[in-house]
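Take 1 as the starting number for the sequence shown in full-length UniProt numbering and just add one per residue.
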Amino acid sequence: MSLFDDVAPRYEAFCHTPLGQFINQVEQKIIIDLSSPQPKESWIDLGCGTGEYSVVLASFGCHVIGLDESESMLERARTKPVTSGSVKYESADIRHIPYPNGFFDGALIQVTLEFVKDAPQVLKEALRVLKHSGRLVVGLIHELGPWAQYYQERAKTDPLTVYRHAHFWTVQKLYELLHCFPVRIESGLYVGPNEFTTQDAAWHLESQRRNTWPLEKAGFIGLRFNRKDCGTL
């Protein structure tokens, strides 16, 4: 059984709350800006969960493969309508991606490295299946930000939270695994979990802080790597 099988209903419900929607909007804008998806491109969404990002990539006319170990998450993903491009969901261990070398134009790892058992192997596989001209986009819960700190505290008292098993990341830690520099970094979620009141107020505060606060205070970081810049792990 996958770590996320039992929490899929709660995860989906949270995504529809005002706070969940705000988080998703902030992160999705960053990820799509970094991904720059183009019509007819092939993408793989590693740890696709309920398919939110697979569907968004497809909306740009991309052909997307969504991989996840959680059948409960995939069941929910398959109910989401796809109006452009295409999405195919598969149950798979993303440490062993069932696709050949150089197959995809893009690979997305969105808030997934936090929960995998072997992050170096996942990154190695993501690079393997990318074309030489391809790009890897990674979204991270930033270890130094307010959200990682919140999840760490929550894990001490909530035996059901998946964050009991989470490992959080910094740009430096990811660089030490990939041994290549990202071509772009974007940051967001400068609004902490205890500061949220309404979406309008949160967006106002988010905009202010994004223009003045350093990356170290971001709750979420997105990075884009060009495959050609990264060697073999």
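Note that beta-carbon positions come from the ideal geometry of N, C-alpha and C, so glycine has one too.
Here the structure is a predicted model, which means the values were calculated and not measured.
Note to self: Measuring CB atoms only, is the stretch 71 to 91 touching the stretch 38 to 56, in the sense that at least three cross pairs come out at less than 8 Å?
What the structure shows: At 8 Å Cβ cutoff, the stretches touch.
Next item on the list: Classify GLN199 as helix, strand or coil using the three-state DSSP reduction.
Entry: Taking the sequence shown and counting its residues from 1, the one referred to as residue 199 is at position 199. It is helical.
Margin query: Let's see if you can read the secondary structure: which residues bound the alpha helix (DSSP H) around GLU12?
Written below: As a working note, residue 12 is residue 12 in the sequence shown. GLU12 -> alpha helix (DSSP H) spans 8 to 15.
Notebook entry, point to check: Helix or strand or just coil, what does DSSP make of HIS142?
Noted result: On the sequence shown, position 142 is the one that residue 142 refers to. In this structure, HIS142 counts as strand in the three-state DSSP scheme.
Margin query: I'd like to confirm the pairing. Which residues does DSSP put opposite ILE65 in its beta bridges?
Written below: Stepping through the sequence shown from its first residue, residue 65 is reached at position 65. In DSSP, ILE65 forms a bridge with ILE44 and LYS88.
Note to self: Going by the DSSP bridge assignment, what does ALA155 pair with across the sheet?
What the structure shows: As a working mapping, residue 155 is identified with position 155 in the sequence shown. Looking at the DSSP output, ALA155 sits in no beta bridge, so it has no partner there.
Check: Who are the Cβ neighbours of residue 258 in its own chain at under 6 Å, not counting the five residues just before and after it?
Finding: Absent from the structure is residue 258, since the part of the chain shown begins at 1 and ends at 233.
Notebook entry, point to check: Which class does ASP105 belong to by DSSP, given the choice of helix, strand or coil?
Noted result: As a first step, residue 105 is located in the sequence shown; it is residue number 105 there, counting from the start. Strand, per DSSP.
Next item on the list: Could you check how far apart the C-beta atoms of LEU127 and LEU34 are, in whole angstroms? I think they sit under 8 Å.
Entry: Translated into positions along the sequence shown, residue 127 becomes position 127. Translated into positions along the sequence shown, residue 34 becomes position 34. Approximately 16 Å separates the beta-carbon atoms of LEU127 and LEU34; this is outside 8 Å, ruling out the contact.
Note to self: Can you give me the C-alpha to C-alpha distance between ILE65 and LYS131, rounded to a whole angstrom?
What the structure shows: Indexing the sequence shown from 1 puts residue 65 at position 65. Indexing the sequence shown from 1 puts residue 131 at position 131. CA-CA distance, ILE65 to LYS131, rounds to 15 Å.
Next item on the list: Pick out the complete beta strand (DSSP E) segments inside the stretch 177 to 227, 3 residues or longer, and give them in chain order.
Entry: Complete beta strand (DSSP E) runs here, min 3: 184 to 188 and 220 to 226.
Next item on the list: Give me whichever residues DSSP pairs with GLN110 in a beta bridge.
Entry: Your numbering for residue 110 matches position 110 in the sequence shown. BP columns for GLN110 point to GLY139.
Margin query: Whole angstroms are fine: how far does the CA of SER59 sit from the CA of ARG154?
Written below: Start at 1 with the first residue of the sequence shown, and residue 154 comes out as number 154. Start at 1 with the first residue of the sequence shown, and residue 59 comes out as number 59. Here the C-alpha atom of ARG154 lies approximately 35 Å from the C-alpha atom of SER59.
Checklist line | Whole-angstrom distance between VAL129 and VAL122, CA atom to CA atom | finding: Counted from its first residue, the sequence shown places residue 122 at position 122. Counted from its first residue, the sequence shown places residue 129 at position 129. One Cα belongs to VAL122, the other to VAL129, and the distance between them is close to 11 Å.
Check: Near LYS228, which residues of its chain fall below 8 Å by C-beta distance, leaving aside the five closest residues on each side in sequence?
Finding: Looking up residue 228 in the sequence shown gives position 228. Excluding sequence neighbours, LYS228 sits near HIS132 and SER133.
Next item on the list: Determine, using beta carbons only, whether TRP43 and LEU108 come nearer to each other than 8 Å.
Entry: In the sequence shown, residue 43 corresponds to position 43, counting from 1. In the sequence shown, residue 108 corresponds to position 108, counting from 1. The Cβ-Cβ distance between TRP43 and LEU108 falls below 8 Å.
Notebook entry, point to check: Going by C-alpha distance, which of ASN226, GLY145 and SER207 is nearest PHE220?
Noted result: One-based indexing of the sequence shown puts residue 220 at position 220. The shortest CA-to-CA distance from PHE220 to any of ASN226, GLY145 and SER207 is the one to GLY145.
Note to self: I'd like the list of long-range same chain contacts for LYS124, defined as Cβ closer than 7 Å, with 5 residues on each side in sequence excluded.
What the structure shows: Numbered from its first residue, the sequence shown carries residue 124 at position 124. Excluding positions up to five away in sequence, the list reads LEU233.
Next item on the list: For ARG164, verify whether its CB is less than 7 Å away from any heavy atom of the ligand PLP.
Entry: Within the structure as shown, the ligand PLP is missing, as the structure has no ligands at all.
Check: Below 8 Å between beta carbons: does that hold for residue 234 and GLU69?
Finding: The requested residue 234 does not occur in the structure, where the chain is confined to residues 1 to 233.
Checklist line | Which of helix, strand or coil DSSP assigns to LEU130 | finding: Start at 1 with the first residue of the sequence shown, and residue 130 comes out as number 130. In the structure shown, LEU130 adopts extended strand secondary structure according to DSSP, grouped into three states.
Margin query: Quick check on this structure: which residue in HIS16, HIS142 and GLY47 has the alpha carbon closest to the alpha carbon of LYS173?
Written below: The count along the sequence shown starts at 1 and reaches residue 173 at position 173. The candidate whose alpha carbon is nearest that of LYS173 is HIS142.
Note to self: Tell me the rounded alpha-carbon separation between ALA218 and HIS204.
What the structure shows: Sequence index remark: in the sequence shown, residue 218 carries index 218 (1-based). Sequence index remark: in the sequence shown, residue 204 carries index 204 (1-based). If you draw a straight line from the Cα of ALA218 to the Cα of HIS204, it comes to about 15 Å.
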